[in-house]
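Remarks on the structure that follows.
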Amino acid sequence: MKTKIFYEEKTKKIGEENYYETKDKLLAYLKNKRIEKVKEAIDDFAKNKVVADIGCGEGYITLNYAKNVKKVICSDISENALKKAAANLKKEGIKNFEIHPADAANLEFKADSFDAVLCCSALDHVPNPIKVIKELSRIAKKGGYVFIELDNDIMHPFSGIRINKNMLDKLGHFNRISYRKLKKMVKIADVPLKEIKVYSWGSPFRFYYRLIKYFPFTKKFLDFLGRKFPAICYEYLVVYRKI
1 MKTKIFYEEK
11 TKKIGEENYY
21 ETKDKLLAYL
31 KNKRIEKVKE
41 AIDDFAKNKV
51 VADIGCGEGY
61 ITLNYAKNVK
71 KVICSDISEN
81 ALKKAAANLK
91 KEGIKNFEIH
101 PADAANLEFK
111 ADSFDAVLCC
121 SALDHVPNPI
131 KVIKELSRIA
141 KKGGYVFIEL
151 DNDIMHPFSG
161 IRINKNMLDK
171 LGHFNRISYR
181 KLKKMVKIAD
191 VPLKEIKVYS
201 WGSPFRFYYR
211 LIKYFPFTKK
221 FLDFLGRKFP
231 AICYEYLVVY
241 RKI
């Protein structure tokens with residue numbers, strides 16, 4: 001209940017502020033890359049499927065892939081956020097969605113309900129991420145997919161990105177979860193999820209972007225390193241199959 005009240009109040013204070021709008025070119029690149037990679041993953045594994053978007057917030061990620069799936073179930077603990085999500089989706093002419101307010105740690109959906117379950121940049125906003133992982137696995141169908149997208153926490157202390165600290169305070173991060181930490185959490189949760197693909201992208205260091213700007217031939221090599229070693233990237237998305 002405390003978490004729900006917290007997010008209702010925080011969402012009210014955010015008002016019309018769009019987290020995905022920023023004047024910082026590097027941060028804008030990373031946010032756009034997140035949208036691009038989530039859409040890519042959905043297209044690869046859940047196109048024309050029924051997707052549960054858990055912790056969808058105001059729906060800024062959702063509206064970029066919703067037209068490529070059969071149906072989206074938008075779920076968030078904040079009813080204020082869901083109202084904004086519905087408005088954003090309707091504004092883009094998207095009709096294949098339902099709104100379901102819920103605590104990610106106590107979802108009311110039946111077990112084995114969805115072809116795919118997405119949790120994008122939300123697991124670090126909950127006080128008990130392991131319990132949420134169990135719920136994500138529970139509501140996915142056997143043979144279906146669970147997508148978890150996060151920032152790499154180990155990179156933040158070294159980041160050259162000018163993070164909007166007021167925005168972070170408003171959004172209320174409870175945890176920072178690295179790729180390695182997520183692997184441990186999934187193991188502790190003891191869920192039937194098998195990691196089948198990792199999308200990883202971005203570097204928190206500004207010199208990386210200057211390097212590829214002036215020496216574009218280095219990009220392929222640096223991107224290869226990022227795919228090979230997700231732990232060194234700024235963000236990552238893990239695709240699991242429920243077995």
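In case it helps, this note's numbering puts the sequence shown at residues 1 to 243.
For glycine and all other residues, C-beta sits at the position ideal for the given N, C-alpha and C.
Asked, Found
"Secondary structure, beta strand (DSSP E): runs of 3+ residues fully inside the stretch 85 to 167", "97 to 101, 114 to 120, 140 to 151"
"Of the residues I212, L63, S178, Y145, the one placed nearest Y240, counting alpha carbons only", "Y145"
"Buried versus exposed call for P230 [16 or more other C-beta atoms within 10 Å across all chains shown]", "buried"
"DSSP-derived helix/strand/coil call for Y244", "Residue 244 lies beyond the residue range present for the chain, which begins at 1 and ends at 243; the question has no answer from this structure."
"Rounded straight-line distance, which links the Cα of I177 to that of G202", "16 Å"
"Closest by C-alpha distance to L237, when choosing among A85, S200, A87", "S200"
"The stretch 54 to 62 / the stretch 83 to 96 touching (three or more Cβ pairs under 8 Å)", "yes"
"Sequence-distant residues of its chain with Cβ nearer than 8 Å to G226 (five each side left out)", "S200, W201, G202, S203, I232, C233"
"Residues near K194 in its chain [Cβ-Cβ closer than 7 Å; skip 5 each side]", "Y240, R241, I243"
"Integer Cβ distance of I99 from L118, believed to fall under 8 Å", "Not really, about 15 Å apart at Cβ, beyond 8 Å."
"Beta-bridge partners of E79, as assigned by DSSP", "Note: E79 sits in no beta bridge, so no partner."
"Buried/exposed call for N152, threshold 16 Cβ in 10 Å", "buried"
"Residue burial classification, E235 (beta-carbon count within 10 angstroms, cutoff 16)", "buried"
"Alpha carbon of N164 to alpha carbon of C120, nearest angstrom", "Note that N164 has pLDDT 46, beneath the 50 cutoff, so the model's placement of it is unreliable and no number is given."
"C-alpha gap between A102 and K228, whole angstroms", "36 Å"
"DSSP three-state assignment for V38, whether helix, strand or coil", "helix"
"Inter-residue Cα distance where the pair is K131 and G93", "35 Å"
"Contact under 8 Å by Cβ, D43 with C56", "no"
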